[in-house]
Structures are given as structure tokens and as C-alpha cells.
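Number of protein chains: 2
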Amino acid sequence: MLDLEAIRGAAERIDGVALRTPVLTSSTLDRDTGTTAFLKAENFQRVGAFKFRGAYNALSRLTPAQLATGVAAYSSGNHAQAVALAARLRGTKAVILMPEDTPASKVDATRGYGAEVITYDRYTGDRVALGDQLAEDRGLTLIPPYDHPHVMAGQGTVALELLEETGPLDVLLVPIGGGGLMAGCATATSHLHPKTRIVGVEPERANDTQLSLRSGERVRIPVPRTIADGQATEIPGELTFAVNQRLVDDVVLVGDDEIRAAMRFAFERLKVVLEPSGATSLAALLGGTLSGRVGVVLSGGNISVERFRDLLA
Amino acid sequence: MLDLEAIRGAAERIDGVALRTPVLTSSTLDRDTGTTAFLKAENFQRVGAFKFRGAYNALSRLTPAQLATGVAAYSSGNHAQAVALAARLRGTKAVILMPEDTPASKVDATRGYGAEVITYDRYTGDRVALGDQLAEDRGLTLIPPYDHPHVMAGQGTVALELLEETGPLDVLLVPIGGGGLMAGCATATSHLHPKTRIVGVEPERANDTQLSLRSGERVRIPVPRTIADGQATEIPGELTFAVNQRLVDDVVLVGDDEIRAAMRFAFERLKVVLEPSGATSLAALLGGTLSGRVGVVLSGGNISVERFRDLLA
Numbered sequence: 027m028l029d030l031e032a033i034r035g036a037a038e039r040i041d042g043v044a045l046r047t048p049v050l051t052s053s054t055l056d057r058d059t060g061t062t063a064f065l066k067a068e069n070f071q072r073v074g075a076f077k078f079r080g081a082y083n084a085l086s087r088l089t090p091a092q093l094a095t096g097v098a099a100y101s102s103g104n105h106a107q108a109v110a111l112a113a114r115l116r117g118t119k120a121v122i123l124m125p126e127d128t129p130a131s132k133v134d135a136t137r138g139y140g141a142e143v144i145t146y147d148r149y150t151g152d153r154v155a156l157g158d159q160l161a162e163d164r165g166l167t168l169i170p171p172y173d174h175p176h177v178m179a180g181q182g183t184v185a186l187e188l189l190e191e192t193g194p195l196d197v198l199l200v201p202i203g204g205g206g207l208m209a210g211c212a213t214a215t216s217h218l219h220p221k222t223r224i225v226g227v228e229p230e231r232a233n234d235t236q237l238s239l240r241s242g243e244r245v246r247i248p249v250p251r252t253i254a255d256g257q258a259t260e261i262p263g264e265l266t267f268a269v270n271q272r273l274v275d276d277v278v279l280v281g282d283d284e285i286r287a288a289m290r291f292a293f294e295r296l297k298v299v300l301e302p303s304g305a306t307s308l309a310a311l312l313g314g315t316l317s318g319r320v321g322v323v324l325s326g327g328n329i330s331v332e333r334f335r336d337l338l339a
Numbered sequence: 027m028l029d030l031e032a033i034r035g036a037a038e039r040i041d042g043v044a045l046r047t048p049v050l051t052s053s054t055l056d057r058d059t060g061t062t063a064f065l066k067a068e069n070f071q072r073v074g075a076f077k078f079r080g081a082y083n084a085l086s087r088l089t090p091a092q093l094a095t096g097v098a099a100y101s102s103g104n105h106a107q108a109v110a111l112a113a114r115l116r117g118t119k120a121v122i123l124m125p126e127d128t129p130a131s132k133v134d135a136t137r138g139y140g141a142e143v144i145t146y147d148r149y150t151g152d153r154v155a156l157g158d159q160l161a162e163d164r165g166l167t168l169i170p171p172y173d174h175p176h177v178m179a180g181q182g183t184v185a186l187e188l189l190e191e192t193g194p195l196d197v198l199l200v201p202i203g204g205g206g207l208m209a210g211c212a213t214a215t216s217h218l219h220p221k222t223r224i225v226g227v228e229p230e231r232a233n234d235t236q237l238s239l240r241s242g243e244r245v246r247i248p249v250p251r252t253i254a255d256g257q258a259t260e261i262p263g264e265l266t267f268a269v270n271q272r273l274v275d276d277v278v279l280v281g282d283d284e285i286r287a288a289m290r291f292a293f294e295r296l297k298v299v300l301e302p303s304g305a306t307s308l309a310a311l312l313g314g315t316l317s318g319r320v321g322v323v324l325s326g327g328n329i330s331v332e333r334f335r336d337l338l339a
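One line per chain: the protein sequences are A and B, in this order.
339 is the number that my numbering gives the last residue of the first sequence; the numbers go up by one with no jumps.
339 is the number that my numbering gives the last residue of the second sequence; the numbers go up by one with no jumps.
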């Protein structure tokens, strides 16, 4: 059950383990956008993205028996490192399924946290089936990337912390991939400040949640092509969609060029590094016509110098 | 007179105007270096560098008559924008002398704060003489980039804030250009924690302070070639050197490649943007053999995507 109490419980569990990330402000940004913007900088979170919150909360809810055997996850991205680090901190073992074309740096980072990495062919293998099989074979508990109440509750602490610092907001911008971050943040926000307008942000060609909200049921889209790889989902999560359908007021879309411009703005004006998915909310703010007090979740900053260079070439 | 009281006075004057920048920590950095490091992130300061502190403090000490006519400064870098913004905030006029080959973005930023920019040929013009002449002709008060007690006192608030958060440190690493940041930080630190080892950091080929400390008097070196343009001074300041000669325990040098590596580490691991001069202290930490609790001043983050790309190519 995802409610404010679940998110407050997650906040207690991650206290002193996850970082309470800073809320950045910028007079330049405010002048350029005509808003008063509060940027929750989850790029500074452990493992470089909000994912650590949900993973650690989920691991903290396991029974001693589950911890004794370990956990499994499938991810090519930030969830992999989040589960790996959370497992190490909780004294258990993590096995992570990653596509075999995952950049070596990400595989190394995941192994660096002590996880076992198993690779699979993303074109022929079904990661969900492989993950289920792995979990069953080895008695591991699967930690899904978003579609799980404990994961969503953990991600909701992002909004909880933000609102504790800012007080009521007129608008909250949250990137949507599978929808876990949004489900948690929307739950916290709608309880604490029901009048805040909750707006999701998706990449133009990865608008599965926007389409699903419009049609009233989960819609599957073709594998999306976007530089925002963390949001390249084909279909919203089942649990996340049920929450977001109830609480999200609107979804706005941003193009790759707008994401690039937001990454540049973050670099040159805010002096912070954002990965493409981490910059979509900022892109929505910069390209939008919002006013008032706007919360913006910068979800992550995991990008190499080389990829950054290529994207902004 | 530069003492702890002067720095505390500066802290009161800049309170609520300059940002109290965050102190970053990183378990990766601690593991890699064998230290417990505290990074004072002045790249997040207004105008993107510590320079705003000294400029604003100096402007705050002017008489109403001085404010009525205005201020002048010469700088191709962060001091220009710092004086321009401080002047706007204090309701006075700033005239900034900049070399005519200054990147347009820096000239625009300085003008953007409302300053008048006058350019000169850096190969034929003597900026000190030009600045003095300008100040005299127009009755302006010259705000020097480092060699002034009010400027040094303002820069000292960097260490004051850092030490308030960290308590005693074993080592403090501070970049040295003209020496104003170091003079202020060394003064604050030596008063508050006399046992802290105070270490300056210079680019390999801009080691005018190191040579001056060794020879016991200010030494002039040829125009230094280094990517750390903010530290490319030919000779230490007169006032700053008097302080640093008394309080600095050691100066270490870092090469351009080490600076590049530190900028990359900051980008990929810390998710923060540092200009070359802003990364020299971190370079010293990464390349050194320090231990214990180490304070590291990250002095600025003003760099375009294009220059960053070129430097790390």
C-alpha cells in the first residue's frame, strides 16, 4: 500500500544511508523562466541517481531469511548499481542481469559494489522471464526497478524532502520512465499539498505514460528512441500507472534537443552534471510557460565525459 | 588589517547575499585517496566562483561618496563578473577593463550584470596603469582582484564556513593565483585551528608563490602557460604574500594532465563542473599522499561546454 505513511517509513529507513540531496536555486534560471524554481538534485544521490532510495527501502523490508539468500535485479542502468550498493550495505548478495552490450563502466561499477553480474542478449532474451528464472533457481528475491510498493515508497522520499525545504509548490515536475519516481512523489505531494499541480515529463518518443493516461489504460509503444535512456520504457508499470492515473495532472513532452539544451544549461549555469533523463524536467521548465513556485526533480547524473561530449557536439 | 575579526565582519556583510556553498563528501573519493575529504564547492557561488565574496565585501566597505561615483576593476575572468554583480547589488556603477581577446561570453556576462566594459590590448597595454588612469579620470574606486585587505577578508569566509561545518582539519588545500583566497583562508584557519597544515596548490608552470616562499621574497616568473588561467599569475601580491609567507606550510604543484583528470573525476564521480583553476586542489588531493581530514577548496566552475570538451578531448 503506497501512502504517506509508507513514504515516511521509507524516509526513516534511508535516513543516514541515502543522502539528503541539496535543493538548488538559481537567479538566472528564475529570470529566464519567470518562475521560482527549486531543483532537487538527485544527481548527487549515492550511485548518482534517485534509484538508491527505492532499492535501499525495498532491501530494508526483506526478512532475515530473504537477506540470507540474496536479491536479484535486471537493469542496464542506475537501478543495477542501486541494488548492488543497497545489498552490500544490508549485508546480502546481489545478482544483476545486464544486457551484454551494457557499457563496461556500468558493469564494472556494479561489480565494484560487490554484485555478481550476469549478461544476456537484449535482442533475444526476455529480461523479465530471465529474472524470474534466476530468482527461482537461486531462491533470490527480485527487486523490480519501479513496479513495487516499497520501491515507489522509497522514491517518494524525494518529494518529501523537497517539500520539507520549500513548503507548498504550485507545480511539481517529475520525469517518468516506468513511473516509480512519479508514483512516490505524486503520493507524497498530493497528501501534503493537494493543490500542487503534478506534471510528469517524458521524452517525445517515449510517451507511453502520456498515451496511457489519455486512453485510460496502459498502452504499449514501440521501443522508444531517445537520448534519455532512463526513460525509454515501452509501457508504464501496472502499480505505478494505477497511482499516476489517479494523481498526475498532466504529462508534457520534451525533445532530444531540448534535453541537450537543459544539460548545457545545467553544466554552464548551475555547474552540475545531468544525464539526459536527469535533465528532462529542467528541459520542461526551460521550454514551458509555467509560473509560480516550481519543484523540479533532477533525477540523475550518470554520464561519462565522452558521452556528454558526443551528445553536445 | 587581515585578522579573524575582519573575516567575521566580512561573513556578516555577505550573509544572505553570497551563497553559503555546500560542503561535498564522496565515499569514492575517500576510498581512492585514503582521506576523509571535505570539498567546499565555490563553483556554486554567485557568478560561479569565490571571487564574489571578496568583491562584495570590498564594495560593502565603501563610503557613500565612493558608491556615488562607482568602482573600477581589471580582470579577464571571474573577478570581472564578481565586481559587476556586487556593484549592481550595492547600487553603484562598475567599469571593467578586460583584454580585447576575452571570450565574448565573459564580456556579455559582465555587461549582463550592468557593468560598462572597456577593452584593451593585453600585449601592449599595462592593465594596472590603465586601471589607475581610468580610476583617476573618472573618480572611481579601484577594486583589486586580490591585493586588498577587504578582498582577502571576503575570501577568508570560504574557510570560515568550511570549518564551521567540518570542525578541525588535518590539512587544508587552497589554490593560489594572486594569493587572496589563500591569505584569507590561511588567516581564518590558523586562528581557529592552529594545528591544521595549510597547503597551497599551484599549476606546475605558474609556481610564482612556491618560488617566492622558497627565496623569501616575491619572485616574478615569465607569463605562465597553464590551462588553469585563473592561477596564471606572474608574481604574488604584495599584501597576500606577506600573509602567506607567515601562514602557508607548503605549496604543491599539479600538472595540466592532473588538472584534467581532476575535472573528469569531478564530472563523472561528483557530478560537479569545475574550471581548471577550480580543480587544482582536487588534483593535489588525488595525486597526493595525504591522510586524515582534508579540506579542499574547489574555487570555481566557469567553463563552457566547448572548452571543457576541448580540454578533455
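Backbone N, C-alpha and C define an ideal beta-carbon position, used for all residues, glycine too.
Bear in mind the structure is a predicted one, so any value in this text is a computation, not a measurement.
So which of the options has the shortest CA-CA distance to residue i?
i      : options                           : result
A/G182 : A/A209, A/T61 and A/P201          : A/A209
A/A310 : A/F334, A/S325 and A/E284         : A/E284
B/V280 : B/A106, B/V298 and B/R251         : B/R251
A/A141 : A/Y100, A/Q159, A/P171 and A/R153 : A/Y100
B/V49  : B/V323, B/R116 and B/A339         : B/V323
A/Y146 : A/P171, A/A339, A/V177 and A/S102 : A/S102
A/D41  : A/S86, A/G74 and A/R272           : A/S86
A/Y172 : A/G203, A/T128 and A/G242         : A/G203
A/R148 : A/D134, A/Q159, A/D127 and A/R137 : A/D127
B/T54  : A/G60, A/R72 and A/F64            : A/R72
A/R114 : A/A130, A/P125, A/M124 and A/T136 : A/T136
A/T59  : A/G327, A/L337 and A/V320         : A/V320
B/A37  : B/E190, B/K132, B/A287 and B/R286 : B/E190
A/L88  : A/L166, A/L239 and A/V121         : A/L166
B/K221 : B/G318, B/R231, B/A106 and B/F76  : B/G318
B/R295 : A/N328, A/R46, A/L160 and A/A110  : A/N328
A/R286 : A/G242, A/L338 and A/I224         : A/L338
Please check if any C-beta of chain A sits within less than 7 Å of the C-beta of residue i.
i      : result
B/G327 : yes
B/V299 : yes
B/P175 : no
B/R335 : yes
B/N270 : no
B/R290 : yes
B/F64  : no
B/F70  : yes
B/V73  : no
B/F78  : no
B/P302 : no
B/P129 : no
State the beta-bridge partners of residue i as determined by DSSP.
i      : result
A/R319 : A/T62
A/R223 : A/V197
A/I169 : Beta-bridge pairing links A/I169 to no other residue.
A/E228 : A/L279
A/G326 : A/A75
B/S67  : Note that residue 67 of chain B is Ala in the sequence shown here, rather than Ser. For B/A67, which the question treats as bridged, DSSP gives the partners B/L324.
B/V49  : B/K66
A/V298 : B/V298
Are the beta-carbon atoms of residue i and residue j separated by less than 7 Å?
i      : j      : result
A/G180 : A/G304 : no
B/F291 : A/V331 : no
A/L188 : A/K297 : no
A/R39  : A/N83  : yes
B/V177 : B/T235 : no
A/L93  : A/T118 : yes
A/T259 : A/L28  : no
B/L312 : B/V197 : no
A/S216 : A/L273 : yes
A/G205 : A/P262 : yes
A/L199 : A/V154 : no
A/S325 : A/P170 : no
B/T192 : B/F76  : no
Name the two residues that bound the continuous beta strand (DSSP E) containing residue i.
i      : result
B/E142 : E142 to Y146
B/A120 : A120 to P125
A/V358 : For chain A, the structure presents residues 27 to 339; residue 358 of chain A sits outside this window and is missing.
With a threshold of 7 Å between beta carbons, is residue i in contact with chain B?
i      : result
A/V331 : yes
A/L338 : yes
A/P201 : no
If you follow the alpha helix (DSSP H) that residue i is in, where does it begin and where does it stop?
i      : result
A/L186 : P175 to T192
A/A212 : G206 to L218
A/T136 : A130 to G138
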